[in-house]
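Visitor: Take this structure, written in structure tokens, and hold onto it; I'll ask about it next.
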Amino acid sequence: MSSVVIIGGGPGGYEAALVANQLGADVTVVDRDGLGGSAVLTDCVPSKTLIATAEVMTDMSSAAELGINFHDAQGDTATGIRVDLAKVNARVKALANAQSADIEDRLTRRGIRIVKGVGRLGKGEGRGGGEVVATRPNGTEESIHADAVLVATGAHPRVLPTAQPDGERILTWEQVYDLTETPSHMIVVGSGVTGAEFASAYLALGVPVTLVSSRDRVLPGEDADAATVLEDVLERRGMTILGRSRMQSVTRDGDTVTVTLTDGRTVTGSHCILALGSIANSAGLGLEEAGVQLDDGGFIRVDKVSRTTAPGVYAAGDCTGGFMLASTAAMAGRIAMRHFLGDAVQPMDLKQIASNVFTSPEIATVGWSQAAVDSGEIQADVVKLDLRGNPRAKMQGIRDGFVKLVARPGTGVVIGGVVVGPRASELIHPITLAVAANLTVDQVANAFTVYPSLSGSVAEAARRLHQV
Ligand SMILES: Cc1cc2nc3c(=O)[nH]c(=O)nc-3n(C[C@H](O)[C@H](O)[C@H](O)COP(=O)(O)OP(=O)(O)OC[C@H]3O[C@@H](n4cnc5c(N)ncnc54)[C@H](O)[C@@H]3O)c2cc1C
């Protein structure tokens with residue numbers, strides 16, 4: 001029986017463990033912080049749970065338009081709703097811990113061994129078989145034989161010497177769930193996906209928000225039309241967005257946090273979230289000694305089947321950079337195990353990855369982008385259809401958002417798409433299916449959609465790309 005040791009119990013690690021176990025390997029997972037990893041304990045699950053409350057707040061703020069008024073117990077009109085952040089955060093943490101426990105239970109029941117501790121590559125690793133050394137919290141060490149190792153150690157938030165989190169008012173995204181009082185003014189530094197999501201969420205929770213963005217617009221990596229819609233909506237709802245504003249430092253004086261920009265301007269608030277990107281957890285693992293190459297940013301180099309440059313050592317997830325998503329981490333981990341254990345492997349196709357920005361409205365994307373079309377990287381037809389014309393959108397009071405489809409000229413094969421709107425993360429799926437199955441715009445257009453439905457706009461966009 002082949003033995004596999006996995007360092008890191010996040011989605012890259014635990015999903016790989018399940019596949020390796022199914023394929024008959026003897027599997028050990030060495031994990032430092034809890035099964036589910038950052039995805040479950042500090043990043044993905046907690047943030048989306050917080051956002052679930054923010055979504056309800058957003059819906060309730062448009063209740064009046066749909067004919068709903070709030071009244072207090074005496075029947076008098078109530079003018080506002082307020083969030084209890086201590087309660088929200090307690091729910092977030094309880095849910096994350098429960099999910100971590102569920103995953104641990106699932107692995108244990110399948111006979112996968114879990115070692116709580118810090119792992120590193122030991123003797124023989126990188127030569128196609130060797131050992132992993134696990135250091136337990138009490139300092140004792142255990143050497144575990146491994147025919148193959150999967151490194152899935154994730155990443156951690158980047159901070160700067162001039163902007164040090166204190167866990168109380170200057171916060172990384174991992175620390176926000178310790179807040180028990182609602183901030184009076186949240187400053188979010190960084191307008192990538194994480195920064196935009198937190199800025200949007202706290203705004204919806206009723207907190208005044210200033211978003212400090214070093215770029216011309218928020219979400220520089222996303223579809224430009226989508227980012228423009230989001231920026232307009234956030235500003236209309238009262239957010240202050242400082243574009244082309246680079247943070248120099250963040251300091252705290254009592255209850256006041258000051259963000260100083262490189263041009264000398266300052267912004268003051270009660271709290272600040274640093275969303276400055278991620279650093280790979282690749283130090284101290286014995287990688288270089290085993291012949292595992294890292295790129296200039298410290299991320300582990302891997303090929304399409306998750307192999308590193310050292311025989312018998314695979315890597316998956318955030319520690320390898322690229323698309324830093326729970327879904328891609330899990331897929332890369334599964335691919336690694338299938339490859340090592342001789343099962344059929346399909347290398348990951350980056351053009352089939354669906355991703356979502358959980359702002360309000362959401363922005364979901366798959367496949368080729370309009371930017372690639374505009375730059376001439378690929379030839380394609382693009383159509384953009386605003387949601388405001390959709391009957392269901394009108395009924396629900398939805399004005400902001402669109403469906404964009406990208407299709408090959410001539411064949412009409414769908415190769416990409418963007419959806420901006422409420423629950424775009426759900427609406428992107430028909431487009432993802434079309435991209436994965438090489439469906440044409442006519443096939444997408446001719447499949448029935450429910451009337452009235454937002455997905456009707458996906459079919460309508462496809463209809464507009466019909467080639468005559
Ligand atoms: C705020 C935020 C929100 C996000 N939301 C989403 C989302 O909605 N959807 C989505 O798909 N992705 C989301 N992501 C990204 C997602 O969280 C990551 O891509 C995912 O966690 C990567 O999984 P992983 O297995 O590579 O690493 P992780 O989840 O980070 O797990 C790594 C594990 O390895 C352990 N570890 C590290 N070093 C060692 C060591 N030496 N020995 C033993 N164990 C070790 C860690 O303790 C951890 O348990 C979000 C990220 C952030 C920051």
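Numbering follows the UniProt record's numbering, with no gaps: position 120 of the sequence shown is 120. Ideal Cβ positions, reconstructed from N, Cα and C, are used throughout, including at glycine.
1) Please state whether the Cβ-Cβ distance between G317 and G297 is less than 8 Å.
2) So is V468 buried or exposed if we call it buried at 16+ other beta carbons inside 10 Å?
3) Run through DSSP, which three-state label would T440 get?
4) Please indicate yes or no: does the CB of F299 lie closer than 7 Å to some heavy atom of ligand 1?
5) At a threshold of 7 Å, does M239 count as lining ligand 1 (C-beta to nearest heavy atom)?
6) Under 7 Å from any heavy atom of ligand 1, does the C-beta of S47 make it?
7) Would you mind sorting N446 into buried or exposed? The rule is 16 or more other CB atoms within 10 Å of its CB.
8) For ligand 1, is there a heavy atom less than 7 Å away from the beta-carbon of L11?
9) Who are the near neighbours of G195 in its chain, counting only those whose CB is closer than 6 Å to its CB and skipping five residues on each side?
10) Quick check on the burial criterion: 16 or more other C-beta atoms within 10 angstroms. Buried or exposed for V450?
11) Would you grab the beta carbon distance between G333 and A134 for me? Rounded to a whole angstrom, and I think it's under 8 Å.
12) State the start and end residues of the unbroken beta strand (DSSP E) segment that holds D31.
13) Near R399, what residues of its chain come up, given a Cβ to Cβ distance below 6 Å and the 5 sequence neighbours on each side ignored?
14) Taking Cβ to Cβ, would you say V444 is nearer than 8 Å to A434?
15) Relative to ligand 1, is the shortest distance from any of its heavy atoms to the C-beta of D31 smaller than 7 Å?
16) Leaving aside the five residues before and after V207 along the sequence, list all residues of the same chain whose C-beta is less than 7 Å from its C-beta, in chain order.
17) Taking its Cβ as the centre, do 16 or more other Cβ atoms sit within 10 Å of Q74, making it buried, or is it exposed?
18) Quick check on DSSP: helix, strand or coil for P157?
19) Could you compute how far the alpha carbon of T210 sits from the alpha carbon of S249?
20) Just to confirm the assignment: which complete beta strand (DSSP E) runs, minimum length 3, are found wholly within the segment 119-163?
21) Per DSSP, what kind of secondary structure is S61 in: helix, strand or coil?
22) Any heavy atom of ligand 1 inside 7 Å of the beta-carbon of V302?
23) Can you tell me the Cα-Cα spacing of P430 and T58, whole angstroms?
24) Where does A336 sit, in a helix, a strand or coil, going by DSSP?
25) Whose C-beta lies closer than 8 Å to the C-beta of E197 among residues of the same chain, with five residues either side of it excluded?
26) Count Cβ pairs between the segment 114-128 and the segment 140-149 that sit closer than 8 Å; are there 3 or more?
27) Any heavy atom of ligand 1 closer than 7 Å to the beta-carbon of N281?
28) Any heavy atom of ligand 1 closer than 7 Å to the CB of M324?
29) Given 7 Å as the limit, tell me if A201 has its C-beta closer than that to any heavy atom belonging to ligand 1.
30) For Q379, does the count of other Cβ atoms within 10 angstroms reach 16, so buried, or fall short, so exposed?
31) Closest by CA to N138, which one among R109, R32 and K384?
32) Between G24, V83, T42 and D72, which has its C-alpha nearest E53's C-alpha?
33) Can you tell me the Cα-Cα spacing of A78 and L205, whole angstroms?
34) Going by the DSSP bridge assignment, what does C272 pair with across the sheet?
35) So the candidates are E174, E289, Q175 and I112; which of them puts its Cα closest to the Cα of G13?
36) Assign N356 to one of three DSSP states: helix, strand, or coil.
Guide: Let me spell this out:
1) As a first step, residue 317 must be located in the sequence shown, where it is residue number 317. As a first step, residue 297 must be located in the sequence shown, where it is residue number 297. No, these two residues do not count as a Cβ contact at 8 Å.
2) Walking along the sequence shown from the start, residue 468 turns up at place 468. The residue is exposed, with fewer than 16 neighbouring Cβ atoms inside 10 Å.
3) Translated into the one-based positions of the sequence shown, residue 440 becomes position 440. T440 falls in the strand class under three-state DSSP.
4) For the purposes of this step, residue 299 is taken as residue 299 along the sequence shown, with counting starting at 1. Every heavy atom of ligand 1 is 7 Å or more from the Cβ of F299, so no.
5) Here residue 239 refers to the residue found at position 239 of the sequence shown. M239 Cβ: outside cutoff for every heavy atom of ligand 1.
6) Within the sequence shown, residue 47 is the residue found at index 47, counting from 1. S47: yes, Cβ under 7 Å from ligand 1.
7) For this step, residue 446 is matched to residue 446 along the sequence shown. It is exposed - the Cβ of N446 has fewer than 16 other Cβ atoms within 10 Å.
8) Stepping through the sequence shown from its first residue, residue 11 is reached at position 11. What sits at residue 11 in the sequence shown is Pro, not Leu. P11: yes, Cβ under 7 Å from ligand 1.
9) Position 195 of the sequence shown holds residue 195. Closer than 6 Å at the Cβ level, and outside the excluded window around G195, lie V188 and A275.
10) As a first step, residue 450 must be located in the sequence shown, where it is residue number 450. It counts as exposed.
11) Reading the sequence shown from its first residue, position 333 is the one you call residue 333. Reading the sequence shown from its first residue, position 134 is the one you call residue 134. Actually they are not in contact, since the Cβ atoms of G333 and A134 sit about 19 Å apart, beyond 8 Å.
12) Numbered from 1 along the sequence shown, position 31 holds the residue referred to as residue 31. Where D31 is concerned, the enclosing beta strand (DSSP E) stretches over D26 to D31.
13) Along the sequence shown, read from residue 1 onward, the residue named residue 399 stands at position 399. The answer, listed in chain order, is R388.
14) Indexing the sequence shown from 1 puts residue 444 at position 444. Indexing the sequence shown from 1 puts residue 434 at position 434. Result yes, Cβ atoms of V444 and A434 sit closer than 8 Å.
15) Along the sequence shown, read from residue 1 onward, the residue named residue 31 stands at position 31. Checking every heavy atom of ligand 1 against the Cβ of D31, one is found closer than 7 Å.
16) Start at 1 with the first residue of the sequence shown, and residue 207 comes out as number 207. T182, P183 and M186, listed in sequence order.
17) In the sequence shown, counting from the first residue as 1, residue 74 sits at position 74. Answer is exposed; the Cβ neighbour count stays below 16.
18) By one-based count along the sequence shown, residue 157 stands at place 157. P157: strand per DSSP, three-state reduction.
19) Position 210 of the sequence shown, counting from 1, holds the residue named residue 210. Position 249 of the sequence shown, counting from 1, holds the residue named residue 249. Rounded to whole angstroms, T210 to S249 spans 15 Å at the Cα level.
20) 130-135, 141-146, 148-151 and 155-157
21) By 1-based counting over the sequence shown, the position of residue 61 is 61. Here S61 sits in helix by DSSP.
22) The residue labelled residue 302 in the question sits at position 302 within the sequence shown. In this structure, V302 has its CB at a distance of at least 7 Å from all heavy atoms of ligand 1.
23) As a position in the sequence shown, residue 430 is number 430, starting the count at 1. As a position in the sequence shown, residue 58 is number 58, starting the count at 1. Each residue's Cα considered, the two are about 26 Å apart.
24) Within the sequence shown, residue 336 is the residue found at index 336, counting from 1. In the structure shown, A336 sits in a helix (DSSP, three-state: H, G or I).
25) By one-based count along the sequence shown, residue 197 stands at place 197. These residues qualify, in order along the chain: S47, I51, V357, F358 and T359.
26) yes
27) For this step, residue 281 is matched to residue 281 along the sequence shown. Correct: N281 has its Cβ closer than 7 Å to ligand 1.
28) Start at 1 with the first residue of the sequence shown, and residue 324 comes out as number 324. Flag set: Cβ of M324 near ligand 1.
29) Position 201 of the sequence shown, counted from the start, is the residue given in the question as residue 201. Incorrect: A201 has no Cβ contact closer than 7 Å to ligand 1.
30) Mapped onto the sequence shown, residue 379 falls at position 379. Exposed: under 16 other Cβ atoms inside 10 Å.
31) Translated into positions along the sequence shown, residue 138 becomes position 138. Nearest C-alpha to N138: R32.
32) Here residue 53 is taken as the residue at index 53 of the sequence shown, counted from 1. What sits at residue 53 in the sequence shown is Thr, not Glu. Taking only the C-alpha atoms, the option nearest T53 is V83.
33) Translated into the one-based positions of the sequence shown, residue 78 becomes position 78. Translated into the one-based positions of the sequence shown, residue 205 becomes position 205. Cα to Cα, A78 sits roughly 17 Å from L205.
34) Reading the sequence shown from its first residue, position 272 is the one you call residue 272. Paired residues: I170 and I187.
35) Within the sequence shown, the letter at position 13 stands for residue 13. When the alpha-carbon of G13 is set against those of E174, E289, Q175 and I112, the nearest one is in I112.
36) Residue 356 sits at position 356 when you count from the first residue of the sequence shown. In this structure, N356 counts as strand in the three-state DSSP scheme.
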